[in-house]
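Numbering (my numbering), first residue to last: 1 to 236.
For reference, the structure discussed in these notes is given below.
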Amino acid sequence: MRRIVFLGPPGVGKGTQAARLAAELHVPHLSTGDLLRAAVAAQTPLGREADGHMRAGRLVPDALVLGILRERLAAPDARDGFLLDGYPRNLAQAEALAAITPVDAVLAFDLPREALVERLTGRRVCPTDQSVYHVAFHPPKVPGRCDRDGAELVQRPDDRPEAVGTRLAVYAEQTEPLLAHYRTNGLLRPIDARGSPDEVAARIRAALPGDARSGAATRSRPTAGTRRRGPGPSGG
Ligand SMILES: [Zn+2]
1 MRRIVFLGPP GVGKGTQAAR LAAELHVPHL STGDLLRAAV AAQTPLGREA DGHMRAGRLV
61 PDALVLGILR ERLAAPDARD GFLLDGYPRN LAQAEALAAI TPVDAVLAFD LPREALVERL
121 TGRRVCPTDQ SVYHVAFHPP KVPGRCDRDG AELVQRPDDR PEAVGTRLAV YAEQTEPLLA
181 HYRTNGLLRP IDARGSPDEV AARIRAALPG DARSGAATRS RPTAGTRRRG PGPSGG
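Encoded structure:
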């Protein structure tokens, strides 16, 4: 099985790596934001409930997020595993998750604080098409303008220096006990997130449990096997 959790502070680049690894392992890439949006769009009972909270400007309660996650994990494409990106965020969520599914590995991404601050505060987005740039690492061709539509790029309030400090502090406070928990039960795999995306991807592969690692190396899985329960929904 490839039941994998990605943990890491904002700015560490785990979303990019999660999308890449999920494609290699043929498992769904699940982030809570996407899960909630999908449930709302599908108008499931839990999705409608979540929508009510979000429209009222409230956080979606943990129990509701967990219910939506449980339904998602029951979908056919998650039967060989999943990649959870950014969930759980705290010890209570980790315990709730353990009650609905086992996990095979927890990859914890780490970068020095200065690097995180540089990545986050340098980020600029296009308000028109949501393209993401970085003033140093991925600058637009014309400074301050979107390559695709020429719109003036903006900095999200979340990416301003004072907000970044708060986000990193909140992450550290909530996640330390979570890291300790997964270290104790032997699931934690620390990942050095410095360097290029390819370098980080290589470290991820080396850190995966053997079964998932061979899946990533050979890329595709056999179409018949003892774990298969009937034909897949659409192939990969
Ligand atoms: Zn644009």
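Don't be surprised by glycine CBs; every beta carbon is placed ideally from N, CA and C.
Ligand 1 and residue i: does the residue's C-beta get closer than 7 Å to at least one heavy atom of that ligand?
i: ARG148; result: yes
i: THR128; result: yes
i: SER131; result: yes
i: ALA56; result: no
i: ALA151; result: yes
Bridge partners of residue i, per DSSP?
i: VAL106; result: VAL5 and LEU188
i: GLU176; result: Partner(s): none; GLU176 has no beta bridge.
i: VAL154; result: VAL125
i: ARG145; result: GLU152
i: PHE82; result: ARG3
i: ALA87; result: Strictly speaking, residue 87 in this sequence is Tyr, with Ala absent from that position. In the DSSP output, where bridge partners are listed per residue, TYR87 has none listed.
i: TYR133; result: ARG124
i: SER31; result: ASP85
For residue i and residue j, what's the separation of their Cα atoms in angstroms?
i: ARG194; j: ASP51; result: 37 Å
i: HIS134; j: LEU21; result: 23 Å
i: ALA97; j: PRO88; result: The sequence given here has Leu at residue 97, not Ala. Taking the straight line from one Cα to the other gives about 7 Å.
i: GLY57; j: THR44; result: 20 Å
i: TYR154; j: ARG183; result: According to the sequence displayed, residue 154 carries Val and not Tyr. When rounded, the distance between both Cα atoms is 39 Å.
i: ARG2; j: VAL106; result: 11 Å
i: ARG221; j: ILE204; result: Legend: pLDDT at ARG221 = 44, less than 50; position of this residue unreliable, no value from coordinates given.
i: PRO190; j: ALA206; result: 11 Å
i: ALA38; j: GLY47; result: 8 Å
i: PRO139; j: CYS126; result: 12 Å
i: SER196; j: LEU111; result: 13 Å
i: THR175; j: LEU91; result: 8 Å
Buried or exposed for residue i, going by 16 or more other Cβ atoms inside 10 Å?
i: GLN17; result: buried
i: ILE100; result: exposed
i: THR32; result: buried
i: ALA136; result: exposed
i: GLU24; result: buried
Check whether the stretch 115-125 touches the stretch 1-12, counting contact only when three or more Cβ pairs, one atom from each stretch, lie closer than 8 Å.
-> The stretch 115-125 makes contact with the stretch 1-12; the number of CB pairs closer than 8 Å reaches 3 or more.
The stretch 67-83 contacting the stretch 154-168, beta-carbon criterion three pairs below 8 Å | No contact exists between the stretch 67-83 and the stretch 154-168.
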